[in-house]
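**Student:**
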Amino acid sequence: MKKIVVLAAESGNVHSVVRALHHVGADVELTADPDAVMAADGLVVPGVGAFAAVMDKLRAVKADRLIERRLAGGRGVLGICVGLQVMFEQGTEYGVHEGFAQWPGSVDLLPAAIVPHMGWSLVDAPADSQLFNSIADERFYFVHSYGVQSDPAAALPRHPHIEPPLVTFAEHGARFVAAVENGPLMATQFHPEKSGDAGAQLLTNWIATL
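Numbering (the working numbering), first residue to last: 27 to 236.
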């Protein structure tokens, strides 16, 4: 049984994430204790609310350092919703705010007639995706007004020994990043914990990578 820590950073209701991980057989702890975060097989970084507010709460528990340390050691991290957005360079909700800059790109308002984008949407996942193995044709539950509309893989310099990130897209007014798989760092814009059987399988797929 894999040990998963859900990062406790006072960022919205994260108990549904904890329940979903329990449901798929993980040993789950909700904490920001650095030792527990570093010892876990996987770390989940959830985020609900405005980009800047989530960043403030994450920095308050030194999430930037903890994430960097885990990634440096090849230890799995999964961001969810704003937990995906903060992995990019910046967000433009209520001003321009710096993210963790793990990936290039800006989180901007979706150019759609109706925002937020709320409800079930299909995704366009790469054929070799690990997260979407056996569920690439399923719908997932989104609740967001902002998204990354550029391709982070295209913006990164090519390296002969480093695989570029696998990027999954969805559409609402424009194409936006629905998920990224980048070695030990993965993230989804949608909520797998609210996405029924497909979301449960995605969490199972992620745990299998740890």
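Beta carbons: idealized from backbone N, C-alpha and C, even for Gly.
Quick caveat: nothing in here was measured; it's all calculated off a predicted structure.
How many angstroms separate the CA atom of M113 from the CA atom of E164?
**Tutor:** One C-alpha to the other measures close to 25 Å.
**Student:** So, P72 versus V40, is the Cβ gap smaller than 8 Å?
**Tutor:** Their beta carbons are under 8 Å apart, which means P72 touches V40 by this criterion.
**Student:** Secondary structure at R184, three-state DSSP: helix, strand or coil?
**Tutor:** Residue state, collapsed to three classes: coil.
**Student:** Going by beta-carbon coordinates alone, are P191 and V169 separated by less than 8 Å?
**Tutor:** No. Outside cutoff.
**Student:** Would DSSP call Q111 helix, strand or coil?
**Tutor:** Reduced to three states, the DSSP call for Q111 is helix.
**Student:** Could you tell me which of F158, H48 and S132 sits nearest to V108, measuring between CA atoms?
**Tutor:** Out of F158, H48 and S132, S132 has the C-alpha closest to the C-alpha of V108.
**Student:** May I ask you to report which of helix, strand or coil DSSP gives F166?
**Tutor:** Three-state result, F166: strand.
**Student:** Report, in whole angstroms, the separation of the C-beta atoms of V149 and A204, which I expect to be a contact under 8 Å.
**Tutor:** About 5 Å separates the two Cβ atoms, so the contact holds.
**Student:** Indicate the three-state DSSP secondary structure (helix, strand or coil) for H198 in the structure shown.
**Tutor:** Coil at H198, not helix or strand.
**Student:** For K88 and T118, what's the separation of their Cα atoms in angstroms?
**Tutor:** Whole-angstrom Cα-Cα distance: 22 Å.
**Student:** For S160, which option in M212, W232 and H217 has the closest C-alpha, if you only look at C-alpha atoms?
**Tutor:** Considering only alpha carbons, the answer is W232.
**Student:** Cα separation between H17 and P218?
**Tutor:** Only positions 27 to 236 of the chain appear in the structure, and residue 17 is not among them; the question remains open.
**Student:** Would you call the region 211–228 and the region 177–189 in contact, with 3 or more CB pairs under 8 Å?
**Tutor:** Not touching, per the Cβ criterion.
**Student:** Would you check if the distance between the CB atom of L236 and the CB atom of G68 is smaller than 8 Å?
**Tutor:** Yes. Within cutoff.
**Student:** What residue ranges within the region 115–157 form continuous beta strand (DSSP E) runs of no fewer than 3 residues, ordered along the chain?
**Tutor:** Those beta strand (DSSP E) runs which fall completely within the region 115–157 and span 3+ residues are 129–135 and 143–148.
**Student:** Going by beta-carbon coordinates alone, are K46 and G225 separated by less than 8 Å?
**Tutor:** According to the sequence shown, residue 46 is Ala rather than Lys. Yes, they are a contact pair.
**Student:** Kindly provide the ranges of any beta strand (DSSP E) runs that are 3 or more residues long and lie completely inside the region 39–73, ordered along the chain.
**Tutor:** For the region 39–73, whole beta strand (DSSP E) runs of length 3 or above, ordered along the chain, are 53–57 and 68–71.
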